[in-house]
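S.K.: Residue numbers (UniProt numbering): 1 to 396.
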Amino acid sequence: MTVTAAPASTLQGKPQTRPANPAFSSGPCAKRPGWSLEGLSGALLGRSHRAPEGRARLGEVIDRSAAILGMPEGWRLGIVPGSDTGAVEMALWSLLGTRPVDVLAFESFSATWANDITAQLELDARVLKAEYGELPDLKAVDWSRDVVLAWNGTTSGVKFPDAEAIPADHDGLVICDATSAAFAMELPWEKLDVVTWSWQKVLGGEAAHGMLALSPRAVARLESGPAPRPLPKVFRLTSKGKLIEGIFRGDTINTPSMLCVEDALDGLKWAEGAGGLKGLIARSRANLAAIEKWEKTSSWAQFLAVEPGIRSNTAICLRIVAPWFMALDAETQTKAAKKIAGLLAREGVAYDIASYRDAPPGLRIWGGATVETSDIEALLPWLDWAEAEVRAEFSA
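This is how it looks when you write it as structure tokens:
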């Protein structure tokens, strides 16, 4: 359905303007501007994804995605089950084991990959850690090893500043979780070997489907010998020592939702009309810029990523630094932060903006390309209102 502006509040003390679309969740994320169910009327419902028409739709998602992102010639891109998590796990289980591993852990999901590599796969691995709001020491990474990293920390609001730390020539593979970076940030394809993302992030697609991109070096690793461990069917990328090329032409490993496929195509076509990758990046950066302008004068909020160069323009995370809040114990801080998010949801001005459960208590506002900057600007006075309401309650 189409989201329309709610009437402004007339109660004293409340801002007079509301966001037209209060969806600021970090996943599933806001649908594109102007989205409606009518745009999915051509979905191949009740049809097989293996029929020529179904394969064509899936292949179109692959081709349009690769073109918008500027994926280099020779890379393979496929649709896989399990969202970004499924794509990352396929890469970890299928590719790792022949070399030692360095894994960067600086928020919840990258910490999950570190745990999988050390506790489940039990590989020779170093975990390079950093606290929420920071990046690990990139100078400590050994690029002769396989390296696993997230380009953007969805739960911490921290991103890679650039690709300078990654040498152009590196012996190991670089496996990059880019789920909240793809379509909103430049990715250094020439320095990466595996890139993963999901439909539900920057383009506002539906959940459960992941994208797996493999460089020629990654394909060569896959074809160099049998997988270093038994793999379930949904993880298998090779057959008889060769890459299963059909996966990268639209022959999915399991049955996809053709309704979600149609929605993904809707988002990709909108992205092309919005200026392609440059236009999408500009939209997302404008959202961050609006919050940065507000944060500079805020008496109570601060970016979790203090350093501007590593600050995410998609998963924008704020911590509460007001004296009244800092005086609370940890449990009460969590309650107070959730109270702010809850007030905004009840007012219908912002849904799902509480910080991730493992992150420091605060707020997380999605600033991806489908979010209008005017909605971000309308939200900011409401943040101040909600903080004041909760401050009065917890300071009483």
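Glycine is no exception: its CB is placed at the ideal position from the N, C-alpha and C atoms.
Here the structure is a predicted model, which is why all the values come from computation and not from measurement.
Identify whether Phe-109 lies in helix, strand or coil by the three-state DSSP scheme.
M.R.: Three-state DSSP puts Phe-109 in a helix.
S.K.: Helix, strand or coil: which one does DSSP assign to Ile-244?
M.R.: Three-state result, Ile-244: coil.
S.K.: Thinking C-beta only, is Pro-81 closer than 9 Å to Val-234?
M.R.: Against a cut-off of 9 Å, the Cβ pair of Pro-81 and Val-234 comes out as a contact.
S.K.: Among the candidates Leu-40, Asn-115, Gly-153 and Ala-163, whose CA atom is the shortest distance from the CA of Leu-138?
M.R.: Looking at the Cα atoms, Ala-163 is the closest of the given residues.
S.K.: How big is the Cα-Cα spacing for Ala-105 and Trp-151?
M.R.: Cα-Cα distance, rounded: 11 Å.
S.K.: Starting from the C-beta of Lys-14, find all residues in its chain whose C-beta is less than 7 Å away, skip the five residues before and the five after it, and write them out in chain order.
M.R.: So the qualifying residues of the chain are Trp-385.
S.K.: Would you give the residue range spanned by the beta strand (DSSP E) that Phe-300 belongs to?
M.R.: Contrary to the premise, residue 300 reads as Trp rather than Phe in this sequence. Trp-300 -> no beta strand (DSSP E), and no H or E assigned at all.
S.K.: When you compare only the Cα positions, how much space is there between Asp-116 and Ala-327?
M.R.: Answer to the nearest angstrom: the Cα atoms are 37 Å apart.
S.K.: On a Cα-Cα basis, can you pick out the residue from Thr-334, Thr-332 and Ala-56 that is closest to Gly-246?
M.R.: Ranking the options by Cα distance to Gly-246, first place goes to Ala-56.
S.K.: For the alpha helix (DSSP H) that contains Val-141, what are its first and last residues?
M.R.: Unbroken run through Val-141: none, as it is neither H nor E.
S.K.: Less than 6 Å between C-beta atoms, sequence neighbours within five positions excluded: which residues of the same chain meet that for Asp-177?
M.R.: The answer, listed in chain order, is Val-88, Ala-150 and Thr-196.
S.K.: As an exercise, report each continuous beta strand (DSSP E) stretch of at least 3 residues that is fully enclosed by the stretch 155 to 203, in chain order.
M.R.: 174 to 177 and 194 to 198, all fully within the stretch 155 to 203.
S.K.: Quick check on the burial criterion: 16 or more other C-beta atoms within 10 angstroms. Buried or exposed for Glu-262?
M.R.: Label assigned to Glu-262: buried.
S.K.: Just how far apart, CA to CA, sit Ala-119 and Leu-92?
M.R.: Ala-119 and Leu-92: Cα-Cα distance of roughly 13 Å.
S.K.: Taking only the alpha-carbon atoms, compute the straight-line gap between Arg-225 and His-170 and give it to the nearest angstrom.
M.R.: In the sequence under discussion, the amino acid at residue 225 is Gly, which differs from the Arg named in the question. Each residue's alpha carbon lies about 21 Å from the other.
S.K.: With distances taken between CB atoms, is the gap from Ser-198 to Ser-156 smaller than 9 Å?
M.R.: Against a cut-off of 9 Å, the Cβ pair of Ser-156 and Ser-198 comes out as no contact.
S.K.: Gly-210 by DSSP, collapsed to three states: which one?
M.R.: Strand.
S.K.: Kindly indicate which three-state DSSP category Cys-317 falls into: helix, strand or coil?
M.R.: DSSP places Cys-317 in strand when its eight states are reduced to three.
S.K.: Leaving aside the five residues before and after Leu-40 along the sequence, list all residues of the same chain whose C-beta is less than 7 Å from its C-beta, in chain order.
M.R.: Around Leu-40: Leu-259, Glu-262, Asp-263 and Asp-266.
S.K.: Mind checking Arg-50: buried by the 16 CB within 10 Å criterion, or exposed?
M.R.: The residue in question, Arg-50, is exposed, as its Cβ has fewer than 16 Cβ neighbours within 10 Å.
S.K.: Assess, as a yes-or-no matter, whether the stretch 67 to 84 is touched by the stretch 175 to 189 under the definition of 3 or more beta carbon pairs within less than 8 Å.
M.R.: Yes: at least three Cβ pairs fall under 8 Å.
S.K.: So the candidates are Ser-355, Glu-377 and Ser-312; which of them puts its Cα closest to the Cα of Glu-134?
M.R.: When each option's Cα is compared against that of Glu-134, the closest is Ser-312.
S.K.: For Thr-98, count neighbouring C-beta atoms within 10 Å of its own C-beta (all shown protein chains included) and say buried if the count is 16 or more, exposed if not.
M.R.: By the 10 Å Cβ count, Thr-98 comes out exposed.
S.K.: Given that a residue counts as buried once 16 or more other Cβ atoms are within 10 Å of its Cβ, and exposed if not, what is Thr-255?
M.R.: By the neighbour-count rule (16 or more Cβ atoms within 10 Å), Thr-255 is not buried but exposed.
S.K.: Among Ala-43, Phe-24 and Ser-65, whose alpha-carbon lies nearest the alpha-carbon of Trp-270?
M.R.: Considering only alpha carbons, the answer is Ser-65.
S.K.: According to DSSP, is Val-349 part of a helix, a strand, or is it coil?
M.R.: Note: Val-349 maps to coil in three-state DSSP.
S.K.: For Ala-396, does the count of other Cβ atoms within 10 angstroms reach 16, so buried, or fall short, so exposed?
M.R.: Result: exposed.
S.K.: Quick check: what's the CA-CA separation for Thr-4 versus Ala-165?
M.R.: Residue placement at Thr-4 cannot be trusted, given a pLDDT of 44 that sits under 50; what the coordinates show is reported in the next sentence. Thr-4 and Ala-165: Cα-Cα distance of roughly 44 Å.
S.K.: Rounded to the nearest angstrom, what separates Gly-279 and Ile-316 at their Cα positions?
M.R.: Taking the straight line from one Cα to the other gives about 19 Å.
S.K.: The alpha helix (DSSP H) that contains Pro-232, what's its start and end?
M.R.: Counting along the chain, Pro-232 falls outside any alpha helix (DSSP H), and DSSP gives it neither H nor E.
S.K.: Taking its Cβ as the centre, do 16 or more other Cβ atoms sit within 10 Å of Ala-181, making it buried, or is it exposed?
M.R.: Looking at its Cβ environment, which holds 16 or more other Cβ atoms inside 10 Å, Ala-181 is buried.
S.K.: If Ala-20 and Ala-30 are in contact, beta carbons under 8 Å, what's the gap, nearest whole angstrom?
M.R.: At roughly 11 Å, the Cβ-Cβ gap does not stay under 8 Å, so Ala-20 and Ala-30 are not in contact.
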